[in-house]
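Just so you know, we're using our numbering here: the sequence shown kicks off at 290 and counts up by one. Every residue gets a Cβ at the ideal spot worked out from N, C-alpha and C, and that includes glycine. Structure first, commentary second.
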Amino acid sequence: MSELGRTEAWRRTAWKPEGEEEPLETLEVSRAEGVVTVTMNRPGRKNALTGTMLEELRSTFDGVASRAEDRVLVLTGAGGDFCSGADLSDAGRPPIGDPQSGLDLVRRLGDVALSLHRLAKPTIAKVDGVAVGAGLGLAIACDLVVVSDRARLSMIFVHRALSPDCATSWLLPRLVGSVKAKELAYFGEVIDAETALRIGLVNRVVAEGELDAAVTDWATRLAAGPALALSTAKALLDSAWSSSFADALEREAECQAVNIAGADVREALAAFLEKRAPRFGAS
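Structure, rendered in structure tokens:
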């Protein structure tokens with residue numbers, strides 16, 4: 290296919306209709322006890338992002354948002370790596386030198402990051418191996434990041450003569466501070482798991498063989514928790530950087546009023562009085 294043909298194919302690609310169940314080419318999605326695990330499944334390319342994968346990620350995230358039974362999302366990669374960023378060898382990518390198609394591509398990548406960030410449910414990135422470029426962006430767009438001790442992370446963009454994308458320019462300064470974020474972006478150096486933990490880029494580092502168990506523990510605990518309270522906590526914390534002190538107090542009051550009127554608070558109080566563990570979301 291010609292460069293023009295590849296570009297037109299890229300532009301014509303549409304998101305899957307909401308609610309439509311189709312076989313996925315690049316992802317594996319599994320569900321268990323309220324936890325949805327989304328696995329980027331291109332291990333031969335270190336789970337590099339293609340146009341098809343972007344479509345399937347956004348469609349999947351939107352589907353999770355609409356399903357009440359999906360309470361927690363875990364994002365991970367197959368074959369010992371999280372994600373190596375955009376696949377520069379993708380046959381459907383826009384040609385180099387076409388700014389409009391490049392703009393279209395990065396906006397579609399941004400749509401995926403935004404869909405993940407806006408998901409009103411707890412999200413966990415389970416990171417083994419590499420998480421670089423846009424792959425790092427997807428990891429840190431999750432609420433919690435758990436990495437194996439063999440994880441390697443990088444803002445690799447500069448080595449491809451590119452600037453940050455996938456919301457990394459917004460996320461990094463908030464996680465590690467402006468000065469450190471600029472260092473990571475300017476040099477694009479690969480950092481190991483312990484360094485990522487030390488600078489506040491990730492939540493936990495565990496041995497490679499313990500990664501699945503560590504993430505499963507957190508995910509199942511969150512899935513068993515009060516969904517509304519977790520959702521409102523996420524919304525409050527995500528809005529903290531754009532809120533004044535007074536605004537935050539008012540938003541807290543509004544969210545707490547919603548919680549107090551809900552069934553989870555009644556269950557929590559009943560469990561406290563009955564000296565038992567609460568059963569949130571039980572039918």
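- By the neighbour-count criterion, in which 16 or more other beta carbons inside 10 Å mark a residue as buried, F561 falls on the exposed side.
- The Cβ-Cβ distance between V419 and D370 falls below 8 Å.
- A straight line joining the alpha-carbon of C455 with that of A559 spans about 44 Å.
- In this structure, V421 sits near L442, with a CB-CB distance shorter than 8 Å.
- Counting C-beta pairs closer than 8 Å gives three or more between the stretch 397-404 and the stretch 336-348, which meets the contact rule.
- Around the CB of F446, 16 or more other CB atoms lie within 10 Å, so the residue is classed as buried.
- Rounded to the nearest angstrom, the Cβ distance from G424 to C372 is 3 Å, consistent with a contact under 8 Å.
- Annotated as distal: P462 and D432, with beta-carbon spacing of 8 Å or more.
- Residue burial annotation: P567 is buried, with at least 16 other C-beta atoms found within 10 angstroms of its C-beta.
- Collapsing the DSSP output to three states places G391 in a helix.
- L364: member of the beta strand (DSSP E) spanning V361 to G366, first to last residue.
- Residues of the same chain with a CB within less than 7 Å of the CB of A518, apart from the 5 flanking positions on each side, are N548 and D553 in chain order.
- As for any beta strand (DSSP E) of minimum length 3 sitting wholly inside the stretch 476-500, the runs are 493-495, ordered along the chain.
- The C-beta distance from A354 to A524 rounds to 13 Å, too long to fall under 8 Å, and the pair is not in contact.
- Distance from N336 to A367 at the Cβ level is roughly 6 Å; contact confirmed, criterion being Cβ atoms closer than 8 Å.
- When the five nearest sequence neighbours on each side are left out, the beta carbons in the same chain lying within less than 7 Å of the beta carbon of L362 are those of V325, V327, V353, L408, K410 and T412, in order along the chain.
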